[in-house]
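Residue numbers (the numbering used here): 242 to 353.
So this is what it looks like as structure tokens:
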């Protein structure tokens with residue numbers, strides 16, 4: 242029976258966000274963005290959007306960074322305009338940023 246190498250196991254699993262639909266400015270609301278995963282420059286998960294202040298172009302997104310299941314996470318506020326917000330083929334909203342988890346952790350903590 243010999244060793245069999247399954248090439249599909251080693252396939253590149255990087256997500257191609259270029260194919261995803263960007264959100265319209267009218268969709269930059271708490272209802273649409275809350276719970277969205279935020280991906281860093283290497284497609285790693287760096288946080289989750291916990292809520293949004295304002296809406297549209299002036300919206301500020303509160304991202305929970307670090308922690309486990311929301312415990313011990315640090316909330317930081319960033320302008321929604323600084324995130325690439327989109328829907329994937331399944332309609333799931335997510336964001337991509339050039340910030341790393343360490344960049345976000347270094348930002349001032351957002352206090353409600």
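All C-beta atoms in this analysis are idealised placements derived from N, C-alpha and C, irrespective of residue type, glycine included.
Could you pull the DSSP bridge partners for residue 290 from this structure? Locating residue 290 in the chain shown gives position 49, counting from the first residue. According to DSSP, which records beta bridges pairwise, residue 290 is partnered with 304.
May I ask you to report which of helix, strand or coil DSSP gives residue 324? Residue 324 sits at position 83 when you count from the first residue of the chain shown. It is coil, neither helix nor strand.
Which partner residues does residue 336 have in the DSSP bridge list? Translated into the one-based positions of the chain shown, residue 336 becomes position 95. Looking at the DSSP assignment, residue 336 forms a beta bridge with 279 and 326.
For residue 267, which of 279, 337, 304 and 299 has the nearest alpha-carbon? On the chain shown, position 26 is the one that residue 267 refers to. The alpha carbon of residue 267 has as its nearest neighbour, out of 279, 337, 304 and 299, the alpha carbon of 299.
Look at the Cβ atom of residue 346, then the Cβ atom of residue 306, and state whether they are nearer than 7 Å. Indexing the chain shown from 1 puts residue 346 at position 105. Indexing the chain shown from 1 puts residue 306 at position 65. Between residue 346 and residue 306, the C-beta gap is smaller than 7 Å, which places the two residues in contact.
Quick check on the burial criterion: 16 or more other C-beta atoms within 10 angstroms. Buried or exposed for residue 312? For the purposes of this step, residue 312 is taken as residue 71 along the chain shown, with counting starting at 1. Exposed, since its Cβ has fewer than 16 Cβ neighbours within 10 Å.
Close Cβ partners of residue 303 (< 6 Å) along its chain, the five nearest in sequence each way excluded: Position 62 of the chain shown, counting from 1, holds the residue named residue 303. Hits under 6 Å: 291, 292, 316, 318 and 351.
Quick check: the Cα distance between residue 341 and residue 281, rounded to an integer number of angstroms? As a working note, residue 341 is residue 100 in the chain shown. As a working note, residue 281 is residue 40 in the chain shown. Computed Cα separation, rounded: 5 Å.
In whole angstroms, what is the alpha-carbon distance linking residue 323 and residue 337? As a first step, residue 323 must be located in the chain shown, where it is residue number 82. As a first step, residue 337 must be located in the chain shown, where it is residue number 96. In this structure, the straight-line span from the alpha carbon of residue 323 to that of residue 337 is close to 9 Å.
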